[in-house]
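Student: Protein chains in written order, with our numbering: chain A, 1 to 216; chain B, 1001 to 1216.
One structure, as C-alpha cells, below. Some questions next.
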DNA sequence: GAAAAGATTATTCGTTTGAATAAATTTGAG
DNA sequence: CTCAAATTTATTCAAACGAATAATCTTTTC
C-alpha cells in the first residue's frame, strides 16, 4: 500500500520504466484522471463522487485513494491534466501567424481563441466553478496554472493588440466571456435558440463575430 | 403537517391574510428562500445542503420539508425569487432612454446591462451551472424564465440594435459573457489581476468598455 | 379559555459520500 | 520457481445527506 510515492526508497527499481507493471499503473492512473476531468468539468467539484469517477473509469474506488489519496488531490491531478493539454494547443495557435495586415493577424488570433473555447469548454467551466469562491482550490489554481498563462496573454494584448494596462482585466474577461459562454452552455443555447453552437459552421460564425467585435 | 397547500379545503380561513400567523409563515418562508438563493448561487445545486440553508436562515431543516417539500422544489422557489427580482429591474433599465443619438442610446442600454450583471452575478452563475447539462432543471428554467426574457432581449437586439436573425445567438451570448464573466469570477479577478471588479469605478469602466465594444 | 389547526423543533431513517483498511491478485527480482 | 512488493478488489467506517416522522409550541376559532 503506497500512499505517497515521494516516500519510496530510491532503489534500482524506480527507473524500471516501460515495464508491464509501471505501464499498467500509468494507464490506470490516466484512465482515472480522464474520467475525473470529465466529471469535475460537467458536474463540478461537489457534484462529482469518487465512486462515479471510478465506475466511469472502469475500476474500483479504492484505486483513487491508492493513486491520489484524496478527492482534492484527484481534482488537482485532473486540472493539471487539462492545463497540460491546453497549454500546448493554445499557444501553438496564438501569435503564430505573421500576415501583412496586422489587424487581420489579431483577428485570426482571436478566432483561434474562440475555436479553442469550443474545443475545451472545461476551461471555462473550471474558471467559473472555482473562480467565484476564494478558497484553497482557487489559490492553487491561480498560482499553478492561471497566472503564468494570464501573463502570456497579457503580454500579447499589451504588445500585439495595443491595449493599455488599465484595460487589461476588461479585455481579458470580456474576450474570455464573449468567446466561451455560448459553448459552455451549449445545451441551453440549443434549447433556447434552436442553434447548436458546436456545429462547425456555428463555431466559425462565432469566431468571426467575436473577432470583428474586438478588432473592428 | 401541511405538505401541499393546494389541497387545503376552501374554507373561510384561507383569506386570513395579514394575520400574525400567515405573516410569520411568509417571513420564514422568505428567509429560507433568500438563504437558498445565496447558497445555490455561490455553491451550486449539488454543493448546497438543505441543512446549511436552514442554519443560514436561522431555522430548522424540517421547515424546508414543511414549506417546500424537496430540495428541488426549494431550488425552483429560489430561482423564481431571483427572476422575479431581476425581471423588474432589468427591463426598467433597458430601452427606457430616448436620446437623440441612437448609437449612444444603444450604448447606454448595454452599460445598464453590465451594471445589472455586476449587481446580480447569480444570474450568470445559474445560467452556467444549469446550462451545461440537459436535465429537467434546465427544461424548467428555460420554459419558465429564460425564454420569455430571451424573447424580449431578442426583439431589442433585432429592432433597436439592428442585428440579423442569424447573428442573434452570437450577440446574445457574446454580450452576456463579455458583460458578466468579470463579476462572476470576482475573487479570481482580484487575485489574478489585482483589480477588484466590484468597485464602482471598475464597474463603470467595464460598462463603457463593453458598450464601446459592441457599439463601436 | 378550550379545542383544533398551523408552525416549528427534534428525532429518526435509509443512502450516499470520502476515506481507510483488509483481502486477494498480479508482477518483477533473485 | 519462489517470495516480496506492487497493484487491484472487496469490505468497512464514520460522517453528511435528503427526506420523513414524531413531538412540541403558537395561534386562531368558537
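Glycine included, every Cβ here is placed at the ideal spot set by N, Cα and C.
Computed from a predicted structure; not experimentally measured.
Identify the continuous alpha helix (DSSP H) that holds residue 116/A and give its terminal residues.
Tutor: Indexing the first chain from 1 puts residue 116/A at position 116. Looking at the DSSP string, the run of the alpha helix (DSSP H) that includes residue 116/A is 102-119.
Student: Would you report the Cα separation of residue 37/A and residue 131/A, rounded to the nearest angstrom?
Tutor: The residue you call residue 37/A lines up with position 37 of the first chain. The residue you call residue 131/A lines up with position 131 of the first chain. One C-alpha to the other measures close to 17 Å.
Student: What whole-angstrom Cβ distance do residue 118/A and residue 198/A have, given they're in contact under 8 Å?
Tutor: In the first chain, residue 118/A corresponds to position 118, counting from 1. In the first chain, residue 198/A corresponds to position 198, counting from 1. Indeed, because the Cβ distance is near 6 Å, the residues count as touching under 8 Å.
Student: So residue 213/A contacts chain B; which residues on that side make the cut at Cβ distance below 7 Å?
Tutor: For the purposes of this step, residue 213/A is taken as the residue at position 213 of the first chain. Under the 7 Å cutoff, chain B gives 1174, 1213 and 1214.
Student: Do the segment 156-166 of chain A and the segment 1166-1177 of chain B make contact, defined as three or more Cβ pairs closer than 8 Å?
Tutor: No, because fewer than three Cβ pairs between the segment 156-166 of chain A and the segment 1166-1177 of chain B fall closer than 8 Å, the two stretches do not touch.
Student: Going by DSSP, what residue range makes up the alpha helix (DSSP H) through residue 134/A?
Tutor: Residue numbering aside, residue 134/A sits at position 134 when the first chain is read from its first letter. Taken as a continuous stretch (DSSP letters only), residue 134/A belongs to no alpha helix (DSSP H), as it is neither H nor E.
Student: Pairing CB atoms from the segment 1025-1034 of chain B with CB atoms from the segment 1071-1089 of chain B, are three or more of them under 8 Å?
Tutor: Because the criterion of three Cβ pairs below 8 Å is met, the segment 1025-1034 of chain B and the segment 1071-1089 of chain B touch.
Student: Quick one: any contact between the segment 198-212 of chain A and the segment 1184-1199 of chain B, if contact means 3 or more CB pairs under 8 Å?
Tutor: Result no; under three Cβ-Cβ pairs closer than 8 Å.
Student: Return the residues of the segment 149-168 of chain A that lie within a Cβ-Cβ distance of less than 9 Å from chain B, sorted by chain order.
Tutor: Listed by position along the chain: 150, 154, 166, 167 and 168.
Student: Any C-beta of chain B within less than 9 Å: which residues of the segment 179-204 of chain A qualify?
Tutor: From the segment 179-204 of chain A, only 179, 180, 181, 182, 183, 184, 185, 186, 187, 188, 189, 190, 191, 192, 193, 194, 195, 197 and 202 have a Cβ closer than 9 Å to chain B.
Student: List, in order along the chain, the chain B residues whose C-beta lies closer than 7 Å to that of residue 125/A?
Tutor: For the purposes of this step, residue 125/A is taken as residue 125 along the first chain, with counting starting at 1. In chain order: 1132.
Student: Tell me the start and end of each unbroken alpha helix (DSSP H) in the segment 34-75 of chain A that is at least 4 residues and wholly inside, in chain order.
Tutor: Listed in chain order, they are 50-56 and 62-68.
Student: Does DSSP put residue 191/A in a helix, in a strand, or in coil?
Tutor: Position 191 of the first chain, counted from the first residue, corresponds to residue 191/A. The answer is helix: DSSP assigns residue 191/A an H, G or I state.
Student: Could you tell me the boundaries of the alpha helix (DSSP H) in which residue 1155/B lies?
Tutor: Numbered from 1 along the second chain, position 155 holds the residue referred to as residue 1155/B. Segment 1147-1159, the alpha helix (DSSP H) holding residue 1155/B.
Student: Could you tell me whether the Cβ of residue 82/A comes closer than 8 Å to any Cβ of chain B?
Tutor: For the purposes of this step, residue 82/A is taken as the residue at position 82 of the first chain. No - not a single Cβ of chain B is within 8 Å of the one on residue 82/A.
Student: Cβ atoms of residue 45/A and residue 221/A: under 8 Å apart, would you say?
Tutor: With chain A covering only 1 through 216, there is no way to say anything about residue 221/A.
Student: Out of curiosity, what's the CA-to-CA distance linking residue 194/A and residue 1121/B?
Tutor: Start at 1 with the first residue of the first chain, and residue 194/A comes out as number 194. Start at 1 with the first residue of the second chain, and residue 1121/B comes out as number 121. Their Cα atoms are separated by approximately 25 Å.
Student: For the alpha helix (DSSP H) containing residue 224/A, list its first residue and its last residue.
Tutor: The first residue shown for chain A is 1 and the last is 216, placing residue 224/A beyond what the model contains.
Student: Measure the C-alpha to C-alpha separation of residue 139/A and residue 128/A and round it to an integer number of angstroms.
Tutor: Your numbering for residue 139/A matches position 139 in the first chain. Your numbering for residue 128/A matches position 128 in the first chain. Taking the straight line from one Cα to the other gives about 14 Å.
Student: Helix, strand or coil: how does DSSP classify residue 198/A here?
Tutor: Locating residue 198/A in the first chain gives position 198, where the first residue counts as 1. Correct three-state label for residue 198/A: coil.
Student: So for residue 1207/B, helix, strand or coil by DSSP?
Tutor: The sequence position of residue 1207/B within the second chain is 207, counting from 1. Here residue 1207/B sits in helix by DSSP.
Student: Quick one: measure Cβ to Cβ for residue 1154/B and residue 1114/B, integer angstroms, because I've assumed they're closer than 8 Å.
Tutor: For the purposes of this step, residue 1154/B is identified with residue 154 of the second chain, where counting begins at 1. For the purposes of this step, residue 1114/B is identified with residue 114 of the second chain, where counting begins at 1. The pair is not a contact, with the Cβ atoms about 19 Å apart (cut-off 8 Å).
Student: If I'm right that residue 213/A touches residue 1192/B with Cβ under 8 Å, what's the distance once you round it to whole angstroms?
Tutor: Taking the first chain and counting its residues from 1, the one referred to as residue 213/A is at position 213. Taking the second chain and counting its residues from 1, the one referred to as residue 1192/B is at position 192. In fact, because the Cβ distance is near 23 Å, the residues do not count as touching under 8 Å.
Student: Any idea if residue 1109/B is buried or exposed, counting beta-carbon neighbours within 10 angstroms, 16 or more meaning buried?
Tutor: On the second chain, residue 1109/B is found 109 positions in, with the first residue counted as 1. Counting Cβ neighbours within 10 Å, residue 1109/B comes out buried, since at least 16 surround it.
Student: State the Cα-Cα distance for the pair residue 1069/B and residue 1052/B, rounded to the nearest angstrom.
Tutor: Taking the second chain and counting its residues from 1, the one referred to as residue 1069/B is at position 69. Taking the second chain and counting its residues from 1, the one referred to as residue 1052/B is at position 52. About 16 Å.
Student: Can you check which of these residues, 26/A, 59/A, 125/A and 50/A, is closest to residue 42/A by C-alpha distance?
Tutor: Position 42 of the first chain, counted from the first residue, corresponds to residue 42/A. Here the closest residue by C-alpha is 125/A.
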